[in-house]
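Q:
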């Protein structure tokens with residue numbers, strides 16, 4: 004089995020993190036891999052907000068928790084959050100943004116960094132505070148939140164869950 | 004740079020294929036990697052139809068071409084087609100199915116197999132012929148087509164296109 008297949012099979016969704024930051028050169032590799040996900044007609048509809056700033060990270064966590072209607076950190080203590088959004092004016096935006104999320108998580112796993120896909124990005128960037136964050140970055144246009152890829156050194160071991168029966172149907 | 008990162012950066016969308024079939028053990032690895040994509044709440048909402056049967060492959064191509072309103076093969080001569088669908092009753096189905104597509108394409112690339120994401124799967128499985136194919140496999144429930152992952156040995160070399168400016172925004 005080659006290294007890529009091993010990574011794809013062994014990546015887990017991590018829900019407990021150490022506080023250690025991610026070195027810049029590691030984060031740069033994860034981000035670059037994200038930008039190389041395929042997109043419909045190569046329109047590259049997504050963008051990635053790479054949040055290492057603690058107060059912005061905490062603000063996004065708080066907004067996400069608000070959508071969820073809970074108090075605890077929905078980012079599970081992960082020090083880094085990558086918010087993926089995509090341009091709704093491109094018909095494939097939702098697929099495009101999801102493919103970026105996948106590349107980010109797989110790249111992270113290959114580099115020994117834990118990750119998890121956290122939802123409610125759409126709702127967060129529909130909130131006034133989310134919109135204000137985009138404006139403060141000079142981002143205009145109709146971007147919809149696709150997901151938060153939380154990142155950090157994992158502080159738990161996770162086994163693979165069983166794959167469901169009938170995942171694959173062969174037509175031979 | 005590790006092997007996984009190399010795969011993620013060097014995977015290209017391939018639009019010219021040799022006719023050679025894909026060995027079963029290679030296809031099995033690609034499919035398994037697909038099933039290990041993360042899904043919302045681990046509900047594993049997607050399914051994969053692994054089509055190596057030529058007449059079903061051609062039927063899907065013809066239906067896809069019909070949606071597109073053209074005559075030529077929208078699957079670019081690729082001998083194998085993996086149709087990913089996902090259960091619409093799961094709120095994250097569209098993201099889930101896209102993540103499966105991403106894993107399939109990346110796994111293929113790591114094994115020297117070319118791939119391309121072909122859209123219009125939703126429309127194909129909304130057509131009577133598409134529904135009939137699902138019924139013939141005993142698939143019930145509200146499955147929506149997410150994408151066709153076409154596969155084969157590539158018969159062209161492709162360079163990476165330039166990534167757009169402002170793909171990544173750092174908030175440090």
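Protein chains in written order, with my numbering: chain F, 4 to 175; chain L, 4 to 175.
Where is the CB? At the ideal position from N, CA and C, for every residue including glycine.
Going by C-alpha to C-alpha distance, which of F:10, F:5, F:4 sits closest to residue 106 (chain F)?
A: Nearest option by C-alpha distance: F:10.
Q: Alpha carbons only, please: which of F:7, F:16, F:22 is nearest the one belonging to residue 155 (chain F)?
A: Nearest option by C-alpha distance: F:22.
Q: Skipping 5 residues on each side, what residues in its chain have a beta carbon closer than 8 Å to that of residue 76 (chain F)?
A: Hits under 8 Å: 64, 68.
Q: Using the beta-carbon of each residue, which ones in chain A are nearer than 9 Å to residue 166 (chain F)?
A: No chain A appears in the structure shown, which is made up of the protein chains F and L.
Q: Could you pull out every residue in the same chain whose Cβ sits closer than 6 Å to the Cβ of residue 91 (chain L), ignoring the five residues on either side in sequence?
A: Answer for residue 91 (chain L): 145, 147, listed in chain order.
Q: Per DSSP, which one or two residues make a beta bridge with residue 53 (chain L)?
A: The partner list for residue 53 (chain L) (beta bridge, DSSP) reads F:173, L:85.
Q: Hey, quick one: how far does the beta strand (DSSP E) through residue 114 (chain L) stretch, first residue to last?
A: Run containing residue 114 (chain L): none; DSSP gives neither H nor E here.
Q: Mind checking if residue 114 (chain L) is an interface residue toward chain F, Cβ cutoff 8 Å exclusive?
A: By this cut-off, residue 114 (chain L) is an interface position.
Q: Pull up the distance between the alpha-carbon of residue 98 (chain L) and that of residue 74 (chain L), whole angstroms please.
A: Rounded to the nearest angstrom, the two C-alpha atoms are 31 Å apart.
Q: To which residues does DSSP link residue 153 (chain F) through a beta bridge?
A: Residue 153 (chain F) is bridged to F:84, F:119.
Q: Would you kindly report the start and end of the unbroken alpha helix (DSSP H) that includes residue 40 (chain F)?
A: Segment: none, residue 40 (chain F) is in no alpha helix (DSSP H) and carries neither H nor E.
Q: What are the start and end residues of the alpha helix (DSSP H) that includes residue 6 (chain F)?
A: Residue 6 (chain F) -> alpha helix (DSSP H) spans 6-13.
Q: What is the residue span of the alpha helix (DSSP H) that residue 93 (chain F) lies within?
A: Note, residue 93 (chain F): premise wrong, no alpha helix (DSSP H); not H, not E.
Q: If we define contact as Cβ-Cβ less than 8 Å, is residue 173 (chain L) a contact residue for chain F?
A: Yes, its Cβ sits closer than 8 Å to a Cβ of chain F.
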